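Visitor:
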Amino acid sequence: MDKKYEGLVKQAIEAMKNSYSPYSKFRVGAAVLTKEGKVFTGTNVENASYGLSMCAERVAIFKAVSEGYTEFEAMAIASASGDASPCGACRQVMQEFSPNMKVIFAGKEFSLSELLPRPFSGGSLNV
Ligand code: THU
4 MDKKYEGLVK
14 QAIEAMKNSY
24 SPYSKFRVGA
34 AVLTKEGKVF
44 TGTNVENASY
54 GLSMCAERVA
64 IFKAVSEGYT
74 EFEAMAIASA
84 SGDASPCGAC
94 RQVMQEFSPN
104 MKVIFAGKEF
114 SLSELLPRPF
124 SGGSLNV
């Protein structure tokens, strides 16, 4: 992992503290770095109606997008297990905005394209 992302990892760990996960008791935190150098954090937010629960990664991205930031350089993910990999839905949402972003978890740095090869994208909708 590039040393320049150490601060981002710390922010993801810090974000875990606000995880609302009374059902799974599995805390997740995410910190996404925008192209402009701004960081947005997120935690998983669960619901008694389980299917309504939202992952930390998407909370962080949706916070950024709703504030006008849509291009991302990197995201760090922290979890109770220490090695949780982002789910498929979150990978798809990342690729919507920044197909070449870096994703950091388990102390390693990945490119989104290696985590989600041959993605479905908006380009396919231009029929
Ligand atoms: N979770 C995340 O926040 N991100 C992931 O990428 C995988 C799973 C959350 C959802 C749920 O609140 C808990 O972890 C257990 O699945």
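Here the sequence shown is numbered in the working numbering, starting from 4 and rising by one per residue.
Built from N, CA and C at the ideal position, the CB exists for glycine as well.
All of these numbers come straight from a predicted model, not from anything done at the bench.
#1: Taking a contact to mean a Cβ-Cβ separation below 7 Å, would you say E74 touches L36 in this structure?
#2: How many angstroms separate the CA atom of C90 from the CA atom of C58?
#3: The beta strand (DSSP E) that contains F75, what's its start and end?
#4: With a CB to CB cut of under 6 Å and the five nearest residues on each side skipped, what residues in its chain are close to R94?
#5: Would you list, in sequence order, the uninterrupted beta strand (DSSP E) runs of no fewer than 3 residues that lie entirely inside the region 5-66?
#6: Have a look at I107 and S27 and give me their C-alpha separation to the nearest angstrom.
#7: Contact check, N129 vs L115 under 8 Å by CB: the rounded distance?
#8: Just to confirm before moving on: does the CB-CB distance between A67 and I16 stay below 7 Å?
#9: Does the distance between the C-beta of V68 and the nearest non-hydrogen atom of the ligand THU fall short of 6 Å?
Guide: This is what the structure gives:
#1: Going by beta carbons, E74 and L36 fall outside the 7 Å limit.
#2: Taken atom to atom, the span from the alpha-carbon of C90 to that of C58 is near 8 Å.
#3: Where F75 is concerned, the enclosing beta strand (DSSP E) stretches over F75 to S82.
#4: Counting only Cβ-Cβ distances below 6 Å, and skipping sequence neighbours, we find L118 and L119.
#5: Contiguous beta strand (DSSP E) elements confined to the region 5-66 occur at 31-37 and 42-46, taking only those with 3 or more residues.
#6: Here the C-alpha atom of I107 lies approximately 23 Å from the C-alpha atom of S27.
#7: About 22 Å separates the two Cβ atoms, so there is no contact after all.
#8: I16 sits away from A67, with the two beta carbons spaced by 7 Å or more.
#9: Not one heavy atom of the ligand THU falls within 6 Å of the beta-carbon of V68.
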